[in-house]
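Here my numbering runs 689 ahead of the position in the sequence shown, where the first position is 1. We treat Cβ as the ideally placed atom computed from N, Cα and C, and that holds for glycine. Just so it is clear, the structure is predicted and the values come from calculations on it, not from any experiment.
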Amino acid sequence: MKVVHVAAECAPFAKVGGLGDVLYGLSNNLMQLVDQVEVILPKYKIIKLDSMKKKGGVDVFFDGKFQKISIVQSMMTGGVILTFIEAPYFFNRDEIYGYEDDITRFTFFCVAVIAYLKTKETPPDIVHLHDWQTAIIPSLIKTKREMSSKTILTIHNLAYQGVCQKIDFEKIGLTTHGFIHEASLNLLNGGIVYADQLTTVSPTYAKEILTKKHGEGLQNLLNQHREKLVGILNGIDYDYWNPMTDCHLPFHYGRSNLNNKKKNKLYLQKMLALNAEKKAPLVSTIARLVPQKGPELIKEAFVYTLKMGGQFVLLGSTADPEWGRLFSDLKDQFANCPDVHFELSYNEPLSHLVYAASDFFVVPSHFEPCGLTQMIAMHYGAVPIVRETGGLIDTVFNEKNGFTFQIPTGEALTTTLKKAFKTFEENEKLKQMIAFGMEKDVSWNHPAKQYLDLYKGVLSLR
Ligand code: ADP
């Protein structure tokens, strides 16, 4: 079986959030189950691999004219083929997302992907799409009837839908049929209509998105297509995220030598100029600071942690200007406090060290399709404190491998933090929770098999 993944991110080459981790982990783990796996990404400015080879050019018909793109390829160590669509005008920019012409950039990418796939002698059996950036591909394949591949669309976050205009469809040369949602056009809407199979990233989120509360306006459409919707919990890649081998950690450790985890804590405290003498819980959060992640509750967690004599580290990327400003002000205000550090940037190496150094890890999201940070945290022996929503419900079990709270209020959060801090004093209970978290299988083994079964099911529909 030949499987092609098309996405906007794949770690470590291009990662903004969990999508990048999923592409890396899923494709590598599928490699053991199918004949060929290929990941297709735009060639962003940040992607610079020594092993890249030019594979020739392809003409792409877009916006009324032919435009030439180059195909550049490399291979991951596990054998996954990495294909980059090189179109400098659209992708040779500093950031992955956040431009006014994002719709044009990614619809161009999709049209280019189809043009490239058509140059192959045999089409892939499965074309697996991820999020709105790739959601027109099922329609391109079906309505133009040029390829026999079956399509799977995974919704990683329903809040991002690719709302666009009629003119965007004129550029693609695609009918708007299936894409009309309320008064506008919506790329994800069309993906839901045309994909052979839909998945989302946890069983609980698969149920939640059928409701008005979490359906982001697409709940009726999703209910119409619910027979093709499945929730498969994400995993984390055990080579990428492994405290026993992680190249970003000064001290490696596993369940049996947690003493080295303490050394990582000391290392981080010194590195961030935190008081390293203090024997207090280190609480952390790593997140994109956007309303979904409950930034106001992250702030509450920080205030309460300081009040209780603990230490707090926040590693947050500030895509949202308002929250960016607020946390930047807090950072200035607490610049000389030896118990807090705000790192307001995207920093992959630091993130590994923060997971390894932390005692507790807070995820107070208002909604969370799956959430990887709580899984990485528990795999690194940091006890997660999470809000009961989406994939957080499927992965964190109260007082077993973490702490959970239901209502998104400061009071509910601080009551839960208080319980957590108590276990820090009752060392035995904390040790048990850490062990339970570290033992829990959050690898891709099981989910990759679930995806394989899904592919087989979809292919049997031929
Ligand atoms: P989302 O995809 O909504 O951002 P997830 O929990 O699914 O959230 O995945 C987040 C991923 O991005 C994790 O690998 C996390 O470590 C990483 N991450 C988030 N913010 C940062 C940051 N500021 N620096 C480094 N890594 C980050």
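Check	Outcome
Contact test: S716 Cβ vs ligand 1 heavy atom, cutoff 6 Å	no
Buried/exposed call for E1128, threshold 16 Cβ in 10 Å	exposed
Where Y733 falls, given that 16 or more other Cβ within 10 Å makes a residue buried	buried
Cβ pair count under 8 Å reaching 3, the segment 1022-1036 against the segment 1131-1147	no
Option in Y805, V1072, L806, G1146 with minimal Cα separation from T1112	V1072
Proximity of P1027 and N964 at Cβ, strictly below 7 Å	yes
Cutoff 7 Å; reference N912; Cβ partners in own chain excluding five residues on either side	L899
D748, DSSP secondary structure in three states	strand
Neighbour flag for L1019 against chain B, beta carbons, 7 Å	Structure shown: chain B not included; a single protein chain is present.
CB-CB length for G1091 against P1058, believed under 8 Å	Actually they are not in contact, since the Cβ atoms of G1091 and P1058 sit about 18 Å apart, beyond 8 Å.
Closer than 6 Å: D820 CB and nearest ligand 1 heavy atom	no
heavy atom of ligand 1 below 6 Å from L1148 C-beta	no
DSSP three-state assignment for R782, whether helix, strand or coil	coil
First and last residue of the uninterrupted beta strand (DSSP E) at L1004	1000-1006
Sequence-distant residues of the same chain with beta carbon closer than 6 Å to F797, five excluded per side	F751, F779
Unbroken alpha helix (DSSP H) run spanning E1100, endpoints	1099-1114
DSSP state of H1135 mapped onto helix, strand, coil	helix
According to DSSP, residues forming a beta bridge with N875	V852
Minimum C-alpha distance to W821 - residue among E698, H1030, L1102	E698
Buried or exposed (CB count within 10 angstroms, at least 16 for buried), T1093	buried
Distance between T888 and A895 (C-alpha atoms, nearest Å)	8 Å
Rounded straight-line distance, which links the Cα of S1054 to that of L1004	15 Å
Anticipated Cβ contact below 8 Å, V695 with V816, distance rounded	7 Å
Residues bridged to L842 (per DSSP)	L818, L887
Close-in-space but distant-in-sequence residues of the same chain around P1038 (CB under 7 Å, 5 per side omitted)	H937
Bridge partners - V1043, DSSP secondary structure assignment	According to DSSP, which records beta bridges pairwise, V1043 is partnered with nothing at all.
Near ligand 1: S828 beta-carbon under 6 Å from a heavy atom	no
Residue burial classification, K757 (beta-carbon count within 10 angstroms, cutoff 16)	exposed
Contacts around G1146, its chain only, beta-carbon distance under 8 Å, and the 5 residues preceding and following it disregarded	Q886
Contacts around S740, its chain only, beta-carbon distance under 6 Å, and the 5 residues preceding and following it disregarded	S763
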